[in-house]
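Q: Residue numbering for the sequence shown is 65 to 148, as defined by the working numbering.
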Amino acid sequence: MHSFELAAAGTTEVVIPGVNRGFVREYCTTWRPYSVLAHGQPMDGPLWEGRTEGHAYVCRGNVCLAPASSTAELAERLATSDPT
């Protein structure tokens, strides 16, 4: 992928605090070239600030959708945030 393609499409950030294999599995069901996933033990920093375990957070353009609390909700959020 070329950097200009990425810049034009933008990226989707997905944050999954803690261990939630269901959320990670749902994220991995589709190739997502315009997204980045952060999951696992929360660390200090703005990426993890205010994020609680048991939820998945999908953000695009510095705007986050409502937290997903189920894999079905995460699938819906990912589908609506996909730039392709």
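The beta carbon of each residue, even a glycine, is placed where N, CA and C say it ideally should be.
#1: Could you check the C-alpha separation between Tyr91 and Gly109 for me, to the nearest Å?
#2: Quick check: Val78 and Val122, are their CB atoms within less than 7 Å of each other?
#3: Can you grab the Cα-Cα spacing for the pair Trp112 / His103, in whole Å?
#4: Tell me whether Glu113 sits in a helix, a strand or coil according to DSSP, three-state version.
#5: Which residues does DSSP pair with Ala132 in a beta bridge?
A: Looking at the coordinates:
#1: For the purposes of this step, residue 91 is identified with residue 27 of the sequence shown, where counting begins at 1. For the purposes of this step, residue 109 is identified with residue 45 of the sequence shown, where counting begins at 1. Approximately 23 Å, taken between the alpha carbons.
#2: Counting from 1 along the sequence shown, the entry for residue 78 is found at position 14. Counting from 1 along the sequence shown, the entry for residue 122 is found at position 58. Between Val78 and Val122, the C-beta spacing is below 7 Å.
#3: Indexing the sequence shown from 1 puts residue 112 at position 48. Indexing the sequence shown from 1 puts residue 103 at position 39. For Trp112 and His103, the gap between their C-alpha atoms comes out near 10 Å.
#4: Within the sequence shown, numbered from 1, the residue matching residue 113 stands at position 49. Three-state result, Glu113: coil.
#5: As a first step, residue 132 must be located in the sequence shown, where it is residue number 68. Ala132 is bridged to Ala120.
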